[in-house]
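Residue numbers (the working numbering): 7 to 324.
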């Protein structure tokens, strides 16, 4: 089944940034070199204290497309930034919304490659090169009842050039406005972590979501990693450790709402997440300090999980 031909001018790139003006400049420079370009670029600045505003102003004339810049009063995290960016792009009438962080650059034909899949699918994830030029492996499938990624889902593609996914990543999610309308905006309550997985999962319940074989982005920030052969495990931070565990409660609430929550199976997923973070501490960051943030996240998540007044994000008006 195919839809209407893809119109690049009806697409918006949404970028969330925070105190990384150098990386943002590099991303915007790559957008200026794109062919075709999107109709607009929406930049959500999470209350940066560096020269982000000046960087945006300096590229307006050269980027070759409209820039919509929003500087928030407080740092709302990646979750809040993408929620505001999605809202802005949606209200501006964008048919396609392409989400990305500030630490990537777009390949010159990236939008054309994504657009080639647009007549067939409405939730699409392209591939990325890692900082060193290798293919970045992304866990595109989740074990639904456990609410965790499947670590070694097949990386290869067959002759179709795509694989079905039931997750999402805001570093490259390409989504149609009709799906956004049905599932609402990304949930800002996550602040960081698990937000894009849940959003991609919600999208996959409304449409056939796919990851495609085309490379469209390149990461521009080096992250400390543990090379496990099949894949890498990245370094983290105390903030990430806290939200990784706390936000399990938000997944739990979404699962309850959609009738897929199984306390035993989901609890196993939470336990495996905790163990994974301990392994990350010991083998990537070479320390045992930071476990207190995992326990704080579990404690605060417990309160969220017991809140029977909790409601998911609402669908949007047409």
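Even glycine gets a Cβ: it sits at the ideal position worked out from N, Cα and C.
In angstroms with no decimal places, state the Cα-to-Cα distance between residue 131 and residue 103.
Going by the C-alpha atoms only, they are around 12 Å apart.
Out of curiosity, what's the CA-to-CA distance linking residue 114 and residue 106?
Those two C-alpha atoms are separated by around 15 Å.
Applying the criterion that 16 or more other CB atoms from any shown protein chain within 10 Å of the CB defines a buried residue, is residue 236 buried or exposed?
Reliability of the predicted coordinates at residue 236 is poor, the pLDDT of 49 falling under 50, and the value obtained from them is presented with this limitation in mind. That one is exposed.
Check whether the stretch 117-128 and the stretch 61-69 are in contact - that is, three or more C-beta pairs closer than 8 Å.
The stretch 117-128 vs the stretch 61-69: no contact.
Could you have a look at residue 236 and say whether DSSP puts it in helix, strand or coil?
At residue 236, the pLDDT of 49 sits below 50, so the modelled position is not reliable and the matter cannot be decided from this model.
For residue 105, which three-state DSSP category applies?
DSSP places residue 105 in strand when its eight states are reduced to three.
Decide if residue 112 is buried, meaning its Cβ has at least 16 other Cβ atoms within 10 Å, or exposed.
Per the 10 Å Cβ criterion, buried.
Just the Cα atoms here: how many angstroms apart are residue 246 and residue 206?
Those two C-alpha atoms are separated by around 20 Å.
Following the continuous alpha helix (DSSP H) through residue 202, name the residue where it begins and the one where it ends.
That run of the alpha helix (DSSP H) goes 201-210.
Throw me the rounded Cβ distance for the residue 76 and residue 108 pair, which I believe falls under 8 Å.
So it is not a contact: roughly 14 Å between Cβ atoms.
With a 10 Å radius around its C-beta and 16 neighbouring C-beta atoms as the bar for buried, classify residue 263 as buried or exposed.
Answer is exposed; the Cβ neighbour count stays below 16.
Using a beta-carbon distance below 8 Å, is residue 296 in contact with chain C?
Among the chains of the structure shown, chain C does not appear; only one protein chain is present.
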